[in-house]
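Residue 44 is where the sequence shown starts when you use my numbering, and the numbers rise one by one after that.
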Amino acid sequence: MLQNIRDNSKGIVSKILVSLIAFTFVIWGAESLFSISSDNSAPAQVNGEEISLQELLQTSELQRRQILSNNPDLDPVTLDQQAIQASALQQLIDQRIMLQYTQSNNLVLSDAAIDQMIVQSKDFQVEGVFDRNLFESLLRNFGLTPTTYRQQLKRGNIIDQTRLAFAGTAFTLDNNADEAARLDGQTRNIATITLPLSAQMQAVSVNQEEIDSYYAINKQRFMQPESVNISYVTLNKSDFYDQVNITDEDLQKAYLDAQQLTLEQSNTEAEASHVLFLVNDEQTQDQAMGLAQVAYDQLKKGEAFVDVAKQYSQDQSTALDGGYIGLLAKGEFGDLFDEVLFDLQPGSYSAPVATEFGVQILYAHAQDTADLPTFEDQKEALSLSLKQLGAESLFVGASEEMADIAFSSPDLFEVAQILGLTVQESDFFGREGGEDVASYDRVVTAAFSDEVLLQGNNSSVLELASDKLIVIRLKQYNEASQQPIADVVDTITEQIVSQKASEMLDKKANAYVDKLKSGAGMASVSSSEMLNLEQFDDISRSATVVNRLIVQSAFRLPSPVSEASYGTVQNYNGDVTIIQLQSVTDAKPEEQASQQRLALVDALTRLQGQSDVSLLENSLSAKAIIETF
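Printed below as a string of structure tokens:
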């Protein structure tokens, strides 16, 4: 079976297979399965610069993983891949616009600075020390290599630093800070009386004439929406696993192919250690070279590289490990670094050389093919990979056949018969969706499309997930219809009662406010209706002892001059609260603690800076020539 796949694939499948298997051998692994694509067309251009399909797919996958990571209970099947890709594409466009701006202004970030960020990141540390195994593991979890990660980190930090630099030009005037301090620290004294909606509803009556009138005026509210139910067939990749037969010959060939690829990669990858002497404000290059020469002399005397690195290296992150850097790909640390490292014979070290990282002595580890996993160790993983590949091939072939049959067939029975599927039927659902397959937006959209609803055709093949496809067909359509008044009389009654009670409550509250403005006291008004009177002194904008809506309304009222100010607010439960604003006390900027002052000025400045950055980005976007394909 697999031989047929290989013959028909013209080498493409074999390459994919080898890449998949090699991942288990090579520490750094492949970028992602997304990197293998037959269509490399660019989805967008920004000012003539292409955004590659691989970039889009990688960014989409990262966004998908982040969503799932932040929402552990979320079913991956429910994710809208098209929406994720649209978001990822916009992110890449915005990023590319800012990167072009940084380049035009000659803003750069050195590779050494990026390496320092990685080493100092707590995400990659164990007990405060950089841990390469942890670093590698985390990157693999996100389908990244060190090279890709460093590129993304560099781009992100260049953009972030540009934004920070631009925002850093913002400032706050003293008088603006004083006014903000007075308002921010302001307190108010209020009294409240709350009129409950529930009590008012008990006093409301509804007659049949009102019900009939409400029904006649609001008939559109009581329509039974149109609905459909559908027939459908689903195709699952998992159904093909049992159809894939893996022979020992297949496993042996896959193992040998993977081994060969691993050995070939030794030309572009090297396992390295180093002894590093820093060049900085405290140590010149000549001084670093002098120290390196001392270490080099120790190596020539026969001292082990590990011991020399531990004793002399100024790279604290690797010194304790004998200078071990790890498995490196060409291009990861620059041309000069590569020139020295990849010219070394396995098991040898270089003379001191000045690189962009300082003065280094590099060591190329010997290639030990004996450490490669044995066939028996890899047999189970190989079998699974081959099963997956074979199932994927069968699934793709069946999906193409499914599309052809569904297009030409007058029903779903031929599709089901040829592909060995079962025709199923959904419950009725409207344009808002429903349960099971009707919970997918693309299924609902297809069900109400002209092709399915009006023309009576099978739908095209719809992707529910990367491993699940569906074709649907209209079973029955129910037009929208008017619900009989008898079926909705209770709902109408509740709505009328609530509406009338709310209107009466507003009128009553306004009447009480008029009395209060005429000189009546809050106590007398509250006692007349046996309402609860509450006093709240020195409440701030962030007060939690009072309903949030009441606090917001109290701070919108004008400051009282000679008499109190009054207002009303409807609470979330429909109750209406009368607010009496008695007094306002502004904060005194001169009494503000120095730390508070600094925090306020910082907040105002950051807000202004954010506004300035937004204006910059909007301006750049407006000027950019953006093409999407």
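Backbone N, C-alpha and C define an ideal beta-carbon position, used for all residues, glycine too.
Checklist line | chain B contact for residue 517 (CB, 9 Å cutoff) | finding: In the displayed structure, chain B is absent; only one protein chain is listed.
Item checked: Cβ-based burial, residue 412 [other Cβ within 10 Å; buried from 16] -> Sequence index remark: in the sequence shown, residue 412 carries index 369 (1-based). With a pLDDT of 49 at residue 412, under the threshold of 50, the modelled position of this residue cannot be trusted; read the value that follows with caution. Residue 412 comes out exposed.
Checklist line | Inter-residue spacing [alpha-carbon to alpha-carbon] between residue 232 and residue 636 | finding: Sequence index remark: in the sequence shown, residue 232 carries index 189 (1-based). Sequence index remark: in the sequence shown, residue 636 carries index 593 (1-based). Cα to Cα, residue 232 sits roughly 23 Å from residue 636.
Notebook entry, point to check: Between residue 482 and residue 476, what straight-line distance do the alpha-carbon atoms span, to the nearest angstrom?
Noted result: Indexing the sequence shown from 1 puts residue 482 at position 439. Indexing the sequence shown from 1 puts residue 476 at position 433. So the alpha carbons of these two residues sit roughly 6 Å apart.
Item checked: Identity of the residue in 166, 400 and 138 nearest residue 180 by Cα -> Counted from its first residue, the sequence shown places residue 180 at position 137. For the residues 166, 400 and 138, the minimum Cα distance to residue 180 belongs to 166.
Checklist line | Inter-stretch contact (C-beta, 8 Å, three-pair minimum) for the stretch 232–245 and the stretch 191–201 | finding: no
Notebook entry, point to check: Thinking just about the alpha-carbon of each residue, which of 128, 521, 347 and 466 is nearest to the one in residue 474?
Noted result: Here residue 474 refers to the residue found at position 431 when the sequence shown is read from its first residue. For residue 474, the nearest C-alpha among the options comes from 521.
Next item on the list: Note down the Cα distance separating residue 437 from residue 277, rounded to an integer number of angstroms.
Entry: For this step, residue 437 is matched to residue 394 along the sequence shown. For this step, residue 277 is matched to residue 234 along the sequence shown. Residue 437 and residue 277: Cα-Cα distance of roughly 15 Å.
Next item on the list: Identify, in the order they occur along the chain, each residue of the same chain with its Cβ nearer than 7 Å to the Cβ of residue 409, setting aside the five sequence neighbours on each side.
Entry: Counted from its first residue, the sequence shown places residue 409 at position 366. Closer than 7 Å at the Cβ level, and outside the excluded window around residue 409, lie 389 and 390.
Check: Bridge partners of residue 173, per DSSP?
Finding: Residue 173 sits at position 130 when you count from the first residue of the sequence shown. For residue 173, which the question treats as bridged, DSSP gives the partners 168.
Check: Buried or exposed: residue 445, going by 16 or more other Cβ atoms within 10 Å of its Cβ?
Finding: Numbered from 1 along the sequence shown, position 402 holds the residue referred to as residue 445. Classification of residue 445: buried, given that the 10 Å Cβ count is 16 or more.
Check: Got a sec, what are the start and stop residues for the alpha helix (DSSP H) residue 640 sits in?
Finding: Taking the first residue of the sequence shown as 1, we reach residue 640 at position 597. 637–666 is the extent of the alpha helix (DSSP H) around residue 640.
Note to self: Once the 5 residues before and after residue 544 are set aside, which same chain residues still bring their CB inside 7 Å of it?
What the structure shows: For the purposes of this step, residue 544 is taken as residue 501 along the sequence shown, with counting starting at 1. Here the set comprises 240, 243, 244 and 247.
Next item on the list: Could you say which of 485, 502, 440 and 553 lies nearest to residue 453 if we only look at CA atoms?
Entry: Locating residue 453 in the sequence shown gives position 410, where the first residue counts as 1. The shortest C-alpha separation from residue 453 is found at 502.
Next item on the list: Please look up how many angstroms separate the CB atoms of residue 90 and residue 668, rounded, as I've assumed it's under 8 Å.
Entry: Taking the sequence shown and counting its residues from 1, one reaches residue 90 at position 47. Taking the sequence shown and counting its residues from 1, one reaches residue 668 at position 625. Confirmed, Cβ separation roughly 5 Å.
Check: For residue 94, which residues from the same chain have a beta carbon less than 8 Å from its beta carbon, with the 5 sequence-adjacent residues on both sides left out?
Finding: Numbered from 1 along the sequence shown, position 51 holds the residue referred to as residue 94. Excluding residues within five positions, the ones whose Cβ falls inside 8 Å are 85, 86, 87, 88, 132, 135, 136 and 139.
Check: Does the Cβ of residue 293 have 16 or more other Cβ atoms within 10 Å, making it buried, or fewer, making it exposed?
Finding: Position 250 of the sequence shown, counting from 1, holds the residue named residue 293. Counting Cβ neighbours within 10 Å, residue 293 comes out buried, since at least 16 surround it.
Next item on the list: Kindly provide the ranges of any alpha helix (DSSP H) runs that are 4 or more residues long and lie completely inside the stretch 241–287, ordered along the chain.
Entry: 251–260
Note to self: Rounded to the nearest angstrom, what separates residue 592 and residue 583 at their Cα positions?
What the structure shows: In the sequence shown, the residue the question calls residue 592 occupies position 549. In the sequence shown, the residue the question calls residue 583 occupies position 540. When rounded, the distance between both Cα atoms is 13 Å.
Check: Under 9 Å, do residue 258 and residue 528 count as touching if we go by C-beta distance?
Finding: As a first step, residue 258 must be located in the sequence shown, where it is residue number 215. As a first step, residue 528 must be located in the sequence shown, where it is residue number 485. Their beta carbons are under 9 Å apart, which means residue 258 touches residue 528 by this criterion.
Next item on the list: Could you check if residue 296 is buried or exposed, using at least 16 other CB atoms within 10 Å of its CB as the buried criterion?
Entry: The residue you call residue 296 lines up with position 253 of the sequence shown. By the neighbour-count rule (16 or more Cβ atoms within 10 Å), residue 296 is buried.
Item checked: Distance between residue 538 and residue 660 (C-alpha atoms, nearest Å) -> Along the sequence shown, one-based indexing puts residue 660 at 617. Along the sequence shown, one-based indexing puts residue 538 at 495. Going by the C-alpha atoms only, they are around 48 Å apart.
Notebook entry, point to check: Using a Cβ-Cβ cut-off of 6 Å (strictly less than) and excluding sequence neighbours within five positions of residue 343, which residues of its own chain qualify?
Noted result: As a position in the sequence shown, residue 343 is number 300, starting the count at 1. For residue 343, where only same-chain residues beyond five positions count, there are no Cβ hits under 6 Å.
Notebook entry, point to check: Mind checking whether residue 612 and residue 548 have CB atoms under 9 Å apart?
Noted result: Stepping through the sequence shown from its first residue, residue 612 is reached at position 569. Stepping through the sequence shown from its first residue, residue 548 is reached at position 505. No. Outside cutoff.
Margin query: I want to know whether the stretch 312–325 touches the stretch 334–342 - three or more CB-CB distances under 8 Å.
Written below: yes
Next item on the list: Determine the DSSP secondary structure at residue 213, reduced to helix, strand or coil.
Entry: For the purposes of this step, residue 213 is taken as the residue at position 170 of the sequence shown. Here residue 213 sits in coil by DSSP.
Check: Are there three or more Cβ pairs, one per stretch, closer than 8 Å when the stretch 550–564 is compared with the stretch 602–611?
Finding: yes
Item checked: Nearest residue (CA-CA) to residue 634, options 175, 157, 648 and 229 -> In the sequence shown, counting from the first residue as 1, residue 634 sits at position 591. Nearest option by C-alpha distance: 229.
Checklist line | Segment limits, beta strand (DSSP E) that includes residue 513 | finding: Position 470 of the sequence shown holds residue 513. Run containing residue 513: 511–521, per the beta strand (DSSP E) assignment.
Note to self: For a quick check, are the C-beta atoms of residue 352 and residue 362 less than 9 Å apart?
What the structure shows: The residue you call residue 352 lines up with position 309 of the sequence shown. The residue you call residue 362 lines up with position 319 of the sequence shown. Yes. Within cutoff.
Next item on the list: Below 8 Å on the Cβ atoms is my guess for residue 653 versus residue 210; work out the distance and round it to an integer in Å.
Entry: Counting from 1 along the sequence shown, the entry for residue 653 is found at position 610. Counting from 1 along the sequence shown, the entry for residue 210 is found at position 167. That belief holds up - the Cβ atoms of residue 653 and residue 210 are roughly 6 Å apart, short of 8 Å.
Margin query: Let me make sure I understand the geometry here. Which of 176, 207 and 106 has the alpha-carbon closest to that of residue 655?
Written below: As a first step, residue 655 is located in the sequence shown; it is residue number 612 there, counting from the start. Looking at the Cα atoms, 207 is the closest of the given residues.
Item checked: Host beta strand (DSSP E) of residue 626 (start-end) -> For the purposes of this step, residue 626 is taken as the residue at position 583 of the sequence shown. First-last of the beta strand (DSSP E) with residue 626: 619–628.
Next item on the list: Report, in whole angstroms, the separation of the C-beta atoms of residue 480 and residue 275, which I expect to be a contact under 8 Å.
Entry: Reading the sequence shown from its first residue, position 437 is the one you call residue 480. Reading the sequence shown from its first residue, position 232 is the one you call residue 275. Right, the Cβ-Cβ distance comes to about 6 Å (below 8 Å), so this counts as a contact.
Margin query: Please state the DSSP three-state secondary structure of residue 434.
Written below: Indexing the sequence shown from 1 puts residue 434 at position 391. Correct three-state label for residue 434: helix.
Margin query: Within 10 Å of its beta-carbon, does residue 273 have 16 or more other beta-carbons around it, so buried, or fewer, so exposed?
Written below: For the purposes of this step, residue 273 is identified with residue 230 of the sequence shown, where counting begins at 1. Classification of residue 273: buried, given that the 10 Å Cβ count is 16 or more.
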